[in-house]
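Residue numbers (the working numbering): 313 to 482.
Below, the structure written as structure tokens:
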């Protein structure tokens, strides 16, 4: 696993995964390639594979003695990479309610940075779609619906988790 840089580590999860990870992963880890990347020792390098998701899978494979693993390489910016990591954790991880709420709140911040704020937008009445309905965010998948699709939760549950996160992290 040399050469893959990871931002975080949760050793307790590795022991659980170490015996069940097949050599050929059905869901391989994902990386993005970064230039001008500062390594831990301060050296600046180009073409550094930076882990997006799959940290526990990498640690489990390393514990089994694997020296290399095939990864999916994505060409994404930092915000999209973080969004992918959050979605992977929401979909696959066993998170505490506080962790899940924090991930959803951070996902909402990223989503709003990429798509604009959720709710509260007024569009002129003469700004109509081809079918005669008013243009607006109601015709786009809303944040809660997007997260519900990723997590398998309902939109209502997602909105409750956002409210919980706001209370926990204010």
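Yeah, the Cβ is synthetic: ideal placement off N, Cα and C, and Gly gets one too.
Cβ contact check for the region 373-389 and the region 398-405: 3 or more pairs under 8 Å = In short, these stretches do not touch, since the Cβ pair count stays below three.
Would you kindly work out how many angstroms separate the C-alpha atoms of residue 481 and residue 338, rounded to a whole number?
-> The residue labelled residue 481 in the question sits at position 169 within the chain shown. The residue labelled residue 338 in the question sits at position 26 within the chain shown. Straight-line measurement puts the Cα of residue 338 at about 35 Å from the Cα of residue 481.
Could you check if residue 451 is buried or exposed, using at least 16 other CB atoms within 10 Å of its CB as the buried criterion?
-> Mapped onto the chain shown, residue 451 falls at position 139. Residue placement at residue 451 is flagged as unreliable, the pLDDT there being 47, under the threshold of 50; the coordinate-derived value follows with that caveat. By the Cβ-count criterion, residue 451 is exposed, with fewer than 16 other Cβ atoms from all chains shown falling within 10 Å of its own Cβ.
Alpha-carbon spacing of residue 370 relative to residue 397, whole angstroms | Translated into positions along the chain shown, residue 370 becomes position 58. Translated into positions along the chain shown, residue 397 becomes position 85. When rounded, the separation of the alpha-carbon atoms in residue 370 and residue 397 is 14 Å.
Return the chain-ordered ranges of every beta strand (DSSP E) run that is complete within the region 338-420 and spans a minimum of 3 residues.
-> Counting whole runs of 3 or more residues, the region 338-420 contains the beta strand (DSSP E) stretches 342-346, 360-365, 384-386.
Which value, in whole angstroms, describes the spacing of the CA atoms of residue 426 and residue 459?
-> By 1-based counting over the chain shown, the position of residue 426 is 114. By 1-based counting over the chain shown, the position of residue 459 is 147. One alpha carbon belongs to residue 426, the other to residue 459, and they sit about 15 Å apart.
Of the listed residues 390, 361, 408, nearest to residue 381 (C-alpha basis) | Numbered from its first residue, the chain shown carries residue 381 at position 69. Minimum Cα distance to residue 381 is reached at 361.
Looking at the unbroken alpha helix (DSSP H) that takes in residue 476, where does it start and where does it end?
-> For the purposes of this step, residue 476 is taken as residue 164 along the chain shown, with counting starting at 1. Note, residue 476: alpha helix (DSSP H), 467-480.
May I have the straight-line CA-CA distance separating residue 414 from residue 350, to the nearest angstrom?
-> Numbered from 1 along the chain shown, position 102 holds the residue referred to as residue 414. Numbered from 1 along the chain shown, position 38 holds the residue referred to as residue 350. Take the alpha-carbon of residue 414 and the one of residue 350: they are about 27 Å apart.
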